[in-house]
Each structure stands twice: as structure tokens, then as C-alpha cells.
Amino acid sequence: MVRKSKFVVAGMLMIAVFACAAAAGYAAPFTLSVTAQKAFDKMTAEAPAGVGAALTKYYAELQKLQQQEIDWDSRISNLHYKNEENEASLRKRIKNIDNAKLSALEADIEKTEKQYEPLFELYDSQKSQLSLAKASKNKDLIAFANAQVTATKIAVQAANKEIDAKEKKLKKAKSDASAKMKAVRDMLGGNDKTESRIKAAKSSASHTKKRFSAEADTFVKLVRKGDAKGSAKSLTSLLGYQKQILVQKTNIHSLEEQIAAVIAKADATLKGYGA
């Protein structure tokens, strides 16, 4: 009677686990159906003490390990989406590197050009007057106009030199900003290899999961037949597969942590750039 009550509690716990897994969108853990559970209870009760105890222990351990897988899936999913959000935010910020500095330099150039507009207009006007003077062939007018152009030309050359210097400064600042952007993007690009490793680990876990599912079908058939020894052997295989899956899941989580570390480093670099 005590043993039966334990199985009832275990069944209720697995129903709760199943519900949580389904709600979270994770693969539901393997558990015996109501009829298969009755067959399992009958088989363990009738099996030799050692075999029956082993079956009960193995099955309970399998449920525990499957719950651990659900927990790892939750942690992996949460970290993965957090990484995606943080990286997306970083890539937007990359575009803002040195924006304030570049805007200030552009504004300074525009201000300087406007400042010298009257001078440039005067110079154009004086050159036009010199052309008219030359057309009139009046030496005095030509000399006067030429003197004005010559005097203004010196100021214009100085103004152009100042503007050119500021434009070169802006060009260098843009080049520096582009280099910084590339550095951060390259830093994030280092996660591509890690993503490939995650993909490989997921593929491996999926392959092991298929083997687990096939073995689970075999286990259920053995339970329905009342084959205690065969069921114990099958449960041992299921535990082995489940442990492999857990190793793969912990590896995936570790790789997601590596991605998070790279993102954190890129974030610190961006903050250093004032972005």
C-alpha cells in the first residue's frame, strides 16, 4: 500500500512537470501512460526484490534527470534571448560611435564656410570687375581691379586653407569612427564560431533524443510484457542517453555564457567610445 502511494505521488509530480514543460514550450519528458504505469507497478511488485527496487530507482532517477533537462532548457532559452536582445542593442549603438564629435566637426565646417561667404562673394565680384576692366583696356582700372583681387586672394587662400584643414580633421575622425565600429563588429563576429558549436551541440542532442525515444518505445513494450530484467536493461540505456543529453545541454549553456561574455566585452568597449 505504501509503495502504491509512492507511485501515485510520483505520477502527480510527473503530470506537474509535463504541464510546466508544455507551458514553457519545451519537449515533454517521457513518462508512462496510466495503463503502462499500472503494468510497471505490477511488474515491480512481482519481480525479485533486487530487480523491483532497481526498476523503481532507475525510473525515479530518469524523471529527475528529465526535470534537470527542462531546467537547463529554460536557462539556455532565457540566456539565448537575452544575448540576442543585448547584441541587437549593441549593434544599434555601434552606429552612434563618435556621433557627437562628428556632428560638432561638421557644424564647425558649416559655420566657417558661412563665415567666409561674404569674402568669397567679394572675391568673385572683384574678379568679375577685373574682367570688365581688362575688356575696357583702361590701364588705371585694370591696375586698381588687379590690386583688389590680389589683396583679397591672400585672404581667400587663408580661408580655404582653414576650411581644408577642418575637412581633413573631419575625414580623419570619420575614419577613426569607422575603425572603432569595425573593431566592435569584429569582436561580436567572434561569436559566429561559438554559434556554430551550439548548432552542432543541438544537433548531437537531437540525435541522442531520437535514440532515447526509440528506446523508450522498447521500454514500454517490455513493461507491458512484464519483462522485469529487460525493462531494467532498457531503463539503464535510457538513463545513459539522458545523461548524454544533459552533458550536451550544459555544454550549450556554457557556450551561451561565452557569447554573453563577448557581448559584455563589446558593451564595455562601446562605453569606452562614449556610445
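Numbers 3 to 277, taken from this note's numbering, label the letters of the sequence shown in order.
C-beta atoms are modelled at their ideal positions from N, C-alpha and C, and glycine is treated no differently.
If you're wondering where the values come from, they're calculated on a predicted model, not measured in any experiment.
{"query": "Taking only three categories from DSSP, how would you classify I78?", "result": "helix"}
{"query": "Starting from the Cα of E197, find the closest Cα among N253, K231, F221, L241 and give me that residue.", "result": "N253"}
{"query": "What is the rounded straight-line gap between the Cα of N98 and the Cα of A179?", "result": "9 angstroms"}
{"query": "Please list, in chain order, all residues of the same chain as L92 whose beta carbon is under 8 angstroms from its beta carbon, the five residues on each side excluded.", "result": "V186, L190, I265, A268, D269, L272"}
{"query": "Sort A41, Q68, P50 by Cα distance to V249 and report the nearest one.", "result": "Q68"}
{"query": "Hey, how far is the Cα of I156 from the Cα of N148?", "result": "13 angstroms"}
{"query": "Which same chain residues, not among the five before or five after A135, have their C-beta less than 7 angstroms away from its C-beta?", "result": "L143, I144, A147"}
{"query": "How big is the Cα-Cα spacing for A160 and K141?", "result": "29 angstroms"}
{"query": "Nearest CA to the CA of A263: which residue from R226, N193, K223?", "result": "N193"}
{"query": "Assuming S35 is part of the alpha helix (DSSP H), what are its boundary residues?", "result": "That residue, S35, is in no alpha helix (DSSP H); it is neither H nor E in DSSP."}
{"query": "Do you know offhand how far E89's Cα is from K116's?", "result": "42 angstroms"}
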